[in-house]
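In the working numbering, the protein residues as written are 70 to 389.
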């Protein structure tokens, strides 16, 4: 028995990147193993079903969150800019739905400002806590935090999402106006547009990295160990959103099938796509931590079994 245990440990240490201190230290064969295990675990954890539930709660949370965003943004600028920029990234049916919410909510932007923002934040955070629970499952953690702490995390992430949206709007809407005002040439405008897209992708990666670090009920991973999943999820989301938008606009027949509900259905499907890639990113992060024996959590290095995180305390099975 002791001989088999030592042999198993020896085989585990032979995993590509088993001594990696950063994700970049893991060689290509190791990343191939990580991606395979990530997809396998996504199936075992019922990530498609988790994503569907998360998308439903996100749908309920989006509109209170959008109202809060419009309310805050309406203090300094035209709220229509927010919805115009958000809608530009959505499929046609979802774009119409968001525009309707903006038109409906615009008349109440200055009435009961503080109360409306707080109520909207509270409602939106209910959906955020469901995302936290789903990320927890992806990291194979058991939830032990109390309701108050979970709500506080949900509120913090919701506020962070609003700040992210406002920053994105500034990047997407304000920067082009500044570029045009400067009267730059066509080449300079193209370069500025590329830089703007890169910065936008960077913002999404940073937001996902924060989510992966704060959401799971475990000792926090170092930022370098939440970056791979954030990069992969962002790439899949950008490509998937463009592909889905093209499909809806060119081949989709949701209006014929669902009639007036077509916008709702398209928006829910887009939220499903978004939720899936976010959770898949969490699965990949967890498997990248599995690949190495080095402590991936914050603080002083600790031996396996004492790190307070399943992904950091265990290694993949020999058959994985």
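Idealized CB from N, CA, C, for every residue including glycine.
7 Å Cβ cutoff met for residue i and residue j
i           : j           : result
residue 364 : residue 371 : yes
residue 274 : residue 303 : yes
residue 233 : residue 284 : no
residue 295 : residue 87  : no
residue 367 : residue 289 : yes
residue 114 : residue 214 : no
residue 85  : residue 92  : no
CB-CB length for residue i against residue j, believed under 8 Å
i           : j           : result
residue 329 : residue 358 : The pair is not a contact, with the Cβ atoms about 46 Å apart (cut-off 8 Å).
residue 192 : residue 133 : 4 Å
residue 352 : residue 207 : 5 Å
residue 195 : residue 130 : 6 Å
Beta bridge counterpart(s) of residue i as assigned by DSSP
i           : result
residue 366 : 290
Alpha-carbon to alpha-carbon, residue j and residue i
i           : j           : result
residue 177 : residue 237 : With a pLDDT of 48 at residue 177, under the threshold of 50, the modelled position of that residue is not reliable, and the figure given next carries that caveat. Near 24 Å, if we compare the C-alpha coordinates of residue 237 and residue 177.
residue 262 : residue 317 : 26 Å
residue 205 : residue 118 : 15 Å
residue 186 : residue 121 : 27 Å
residue 94  : residue 270 : 24 Å
residue 340 : residue 323 : 16 Å
residue 230 : residue 301 : 20 Å
residue 354 : residue 104 : 10 Å
residue 373 : residue 360 : 13 Å
residue 268 : residue 250 : 21 Å
residue 100 : residue 260 : 33 Å
residue 343 : residue 312 : 13 Å
residue 107 : residue 356 : 6 Å
residue 385 : residue 335 : 38 Å
residue 224 : residue 137 : 12 Å
residue 221 : residue 135 : 19 Å
residue 375 : residue 369 : 11 Å
residue 254 : residue 265 : 16 Å
residue 217 : residue 308 : 37 Å
residue 235 : residue 184 : 20 Å
residue 420 : residue 298 : Only positions 70 to 389 of the chain appear in the structure, and residue 420 is not among them; the question remains open.
residue 293 : residue 325 : 47 Å
residue 112 : residue 256 : 46 Å
7 Å Cβ cutoff, residue i in contact with chain B
i           : result
residue 234 : No chain B appears in the structure shown, which is made up of a single protein chain.
Check your understanding: Is it true that the stretch 273–287 meets the stretch 342–360, where meeting means three or more beta-carbon pairs spaced less than 8 Å apart?
Key -> yes
Check your understanding: Are at least three pairs of beta-carbons, each pair with one atom in the stretch 118–127 and one in the stretch 197–204, less than 8 Å apart?
Key -> yes
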